Amino acid sequence: MPDFHGSSPNRPFSAHDFLSFGRDYGIDYQFPTLSSPGHQSFNQPVAKGVVNDIVLPSGFRLTNSDLDVLQPYESLSLGHSPLLIVVVLQGRISLEVGCWQSELHPGMALSLQLGPNHPLHAVQLPGQRLKTVTLALDPRHLAGSSPHDALLTELLETSPQPVYSWRVPSGLLDGLKQHLETSLPELQQKILLEGMALQMIALGLPGNGVSELDYTGLSRQDVRRLESVRRLLENAPAEDYTLSYLADRAAMSTSSLRYKFRQVYGQTVFAYLRSCRLSLAKRCLEQGYTVQQAAHRAGYRHATNFATAFRKQFGVSPRNLGAS
Numbered sequence: 000m001p002d003f004h005g006s007s008p009n010r011p012f013s014a015h016d017f018l019s020f021g022r023d024y025g026i027d028y029q030f031p032t033l034s035s036p037g038h039q040s041f042n043q044p045v046a047k048g049v050v051n052d053i054v055l056p057s058g059f060r061l062t063n064s065d066l067d068v069l070q071p072y073e074s075l076s077l078g079h080s081p082l083l084i085v086v087v088l089q090g091r092i093s094l095e096v097g098c099w100q101s102e103l104h105p106g107m108a109l110s111l112q113l114g115p116n117h118p119l120h121a122v123q124l125p126g127q128r129l130k131t132v133t134l135a136l137d138p139r140h141l142a143g144s145s146p147h148d149a150l151l152t153e154l155l156e157t158s159p160q161p162v163y164s165w166r167v168p169s170g171l172l173d174g175l176k177q178h179l180e181t182s183l184p185e186l187q188q189k190i191l192l193e194g195m196a197l198q199m200i201a202l203g204l205p206g207n208g209v210s211e212l213d214y215t216g217l218s219r220q221d222v223r224r225l226e227s228v229r230r231l232l233e234n235a236p237a238e239d240y241t242l243s244y245l246a247d248r249a250a251m252s253t254s255s256l257r258y259k260f261r262q263v264y265g266q267t268v269f270a271y272l273r274s275c276r277l278s279l280a281k282r283c284l285e286q287g288y289t290v291q292q293a294a295h296r297a298g299y300r301h302a303t304n305f306a307t308a309f310r311k312q313f314g315v316s317p318r319n320l321g322a323s
């Protein structure tokens, strides 16, 4: 989502505008229907609307975006934020973080810890009005500069999930729609938005929706231990893992890990690992690696096994994807 500072109402945004912003904020933008960056098509409007951006006293940057999407575009956020929250007010966005994929509709939100191992890939579809609110925490502000910092640090450190999809309560959703359009002096507006931001954080911290009641027989400690295993598989999928090694890491028996992992994540440990490996291989192919290189980097030792698994997962052979 673009958050160009101080944009005027209903101004057009070209591909060059997006690219300029991306260089400043570590976001890689792609425009599948346009030619190369030097081509005249990159001066054509990709979106039209208004984007308002404000830095709050807590250190969060709140961005309110209201755009008519004219051309499809994708973004890969490569920066770092201990907490990033995206709320969709109107329209829809396809999002992917590691092995997690979903499409957000109005009233839905995504919270995540943004970093090198968890880049956010977003796809915005044309022919829609897209209204979003994005709340991003600059990690430099977690240094005791505001009364919220100690609490935020503790909550983020104990959060069991780096990615958390949630539905925004109607009261908060109505408040966002109303207050973002309120015309107030700058100081009052900052105070008002600070309160809205704190509500978003309280309701949208990754994994805070997970309680002992969400999974029968599982404690928060169980979920945190399972999450440490899940993060390991996602961050280093090419390694050779055994169930006993992962069970030791989770301080569980192999049977408990097998049962509880499936209970929380909806698939077996090694099905999840396979999905992470194939997602990594797909990114490598898209970056220009050969099929053999992509397979090796993803932990596959035999190209035939890799090709079969890849075709089953994505419906296309890795050779065809690499050549596209």
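When we follow numbering that gives the first Met the number 0, the leftmost residue of the sequence shown carries the number 0, and every step to the right adds one.
Heads up, the beta-carbon is just placed ideally off N, CA and C, and yes, glycines get one too.
Computed from a prediction, not measured in an experiment: that's the story for all the values here.
Distance between beta carbons of S13 and Q43, contact taken as under 8 Å: 6 Å
Simplified DSSP assignment, three categories, for S182: coil
Rounded distance between the beta-carbons of L192 and L61, thought under 8 Å: 6 Å
Cross-strand partners of S13 (DSSP beta bridge): P44
Of the residues R261, G106, L172 and G287, the one placed nearest N319, counting alpha carbons only: G287
Paired residues, beta bridge with L129 - DSSP: L66
Helix, strand or coil at Y258 according to DSSP, with G and I counted as helix: helix
Proximity of F260 and L225 at Cβ, strictly below 8 Å: yes
Nearest-angstrom Cβ-Cβ length linking V86 and V132, presumed shorter than 8 Å: 4 Å
Nearest to R296 (by Cα), restricted to the options S218, Q177, K281 and N63: K281
Neighbour-count burial assignment, N9, 16 or more Cβ in a 10 Å radius: exposed
Whether Y24 touches V45 by CB criterion (8 Å): no
Of the listed residues R310, G265, Q89 and Q187, nearest to L55 (C-alpha basis): Q187
For V167, three-class secondary structure by DSSP: coil
Expected contact under 8 Å - CB spacing of Q70 and F30 to nearest Å: 6 Å
Reduced DSSP secondary structure (H/G/I, E/B, other) of Y271: helix
Whole-angstrom C-beta distance between L171 and L202, which should lie under 8 Å: 7 Å
Per-residue DSSP class, three states only, for L124: coil
Euclidean distance between Cα positions of Q312 and G194: 43 Å
Rounded C-alpha distance that separates F305 from P317: 9 Å
Between the CA atoms of V49 and S35 - distance to the nearest angstrom: 26 Å
Classification of V327 by the beta-carbon crowding that lies within 10 angstroms, buried from 16 upward: Nothing can be reported for residue 327: it is not among the residues displayed for the chain, which extend from 0 to 323.
Selection from Y264, R219, E285 and P105 that minimises the alpha carbon distance to P168: P105
Alpha carbon of D27 to alpha carbon of S252, nearest angstrom: 42 Å
Where the alpha helix (DSSP H) containing Q39 begins and where it ends: Here Q39 belongs to no alpha helix (DSSP H), and DSSP marks it neither H nor E.
Q291 beta carbon less than 8 Å from that of A302: yes
Proximity winner among N63, Q39, F17 and D16, relative to H178 (alpha-carbon distances): N63
Enclosing alpha helix (DSSP H) for S252 [first to last residue]: Neither: S252 is in no alpha helix (DSSP H) and is coded neither H nor E.
Endpoints, the beta strand (DSSP E) within which S74 is located: Y72 to S76
Residues near M199 in its chain [Cβ-Cβ closer than 6 Å; skip 5 each side]: I84 and L134
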